[in-house]
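So the mapping is simple: the numbering used here equals the position in the sequence shown, first residue as 1, plus 92.
What follows is a short report on a single structure.
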Amino acid sequence: MKPTRLAITSFIYGCIGLSLALLMMWYMMIEDWPMIIGGKPNFSLLQNLPAFIPVTFEMTVFFAAHLMVLTYLIRCKLYPGSNQKSPDPRTTDDMFLMEIESHGNDKEIVDLLKNRSGRS
Numbered sequence: 093m094k095p096t097r098l099a100i101t102s103f104i105y106g107c108i109g110l111s112l113a114l115l116m117m118w119y120m121m122i123e124d125w126p127m128i129i130g131g132k133p134n135f136s137l138l139q140n141l142p143a144f145i146p147v148t149f150e151m152t153v154f155f156a157a158h159l160m161v162l163t164y165l166i167r168c169k170l171y172p173g174s175n176q177k178s179p180d181p182r183t184t185d186d187m188f189l190m191e192i193e194s195h196g197n198d199k200e201i202v203d204l205l206k207n208r209s210g211r212s
């Protein structure tokens, strides 16, 4: 298999989550509604950063995971309204399909499969 760039996109999505988490906490705890909790000053994000680490970690994982799911669905063309590429619609219900490219050897492949499976 050839290497993919999904790890790079996951890292970028994690960095987006980290940035948005820090921005959100700065706005909520410092700018919009400053509160003194446990005697800690409320005028600096850097002084309060140790208290924000759990939320920052959770938001980083949240953004990376959810955006990776969206990237996977878009990359595999599984979004709503995309054309289906299933060779037989019954395979989504209760049937099994084995697709073999014949390259013009249809009769030999059919004979081989019949002999190997026990069918006559």
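By construction, the Cβ of each residue, glycine as well, lies at the ideal position given by its N, Cα and C atoms.
{"Query": "Excluding the 5 residues flanking Ser194 on each side, which residues of the same chain have their C-beta closer than 8 Å to its C-beta?", "Result": "Ile201"}
{"Query": "Which residue's Cα is closest to the Cα of Thr148: Ile108, Ile129, Val161 and Arg182?", "Result": "Ile108"}
{"Query": "Short check: CB of Asp180 to CB of Leu189, under 8 Å?", "Result": "yes"}
{"Query": "Could you give the C-beta distance for Tyr105 and Phe144, rounded to a whole number, given that I count them as a contact under 8 Å?", "Result": "Not a contact, Cβ separation roughly 20 Å."}
{"Query": "Let's test the definition: count the other Cβ atoms within 10 Å of the Cβ of Thr96 and tell me whether it reaches 16, buried, or not, exposed.", "Result": "exposed"}
{"Query": "Under 8 Å: do the stretch 107-122 and the stretch 152-168 share three or more Cβ pairs, one atom per stretch?", "Result": "yes"}
{"Query": "Put Tyr164 into one of helix, strand or coil per three-state DSSP.", "Result": "helix"}
{"Query": "Apart from the five residues just before and just after Ile128, which ones in its own chain have a Cβ nearer than 8 Å to its Cβ?", "Result": "Asn134"}
{"Query": "Taking the CB atoms as reference points, tell me whether Trp118 and Leu137 lie closer together than 8 Å.", "Result": "yes"}
{"Query": "Mind checking Met187: buried by the 16 CB within 10 Å criterion, or exposed?", "Result": "exposed"}
{"Query": "Span of the alpha helix (DSSP H) holding Ser130?", "Result": "First, the amino acid is wrong: residue 130 is Gly here, not Ser. Element bounds for Gly130: n/a, residue is neither H nor E."}
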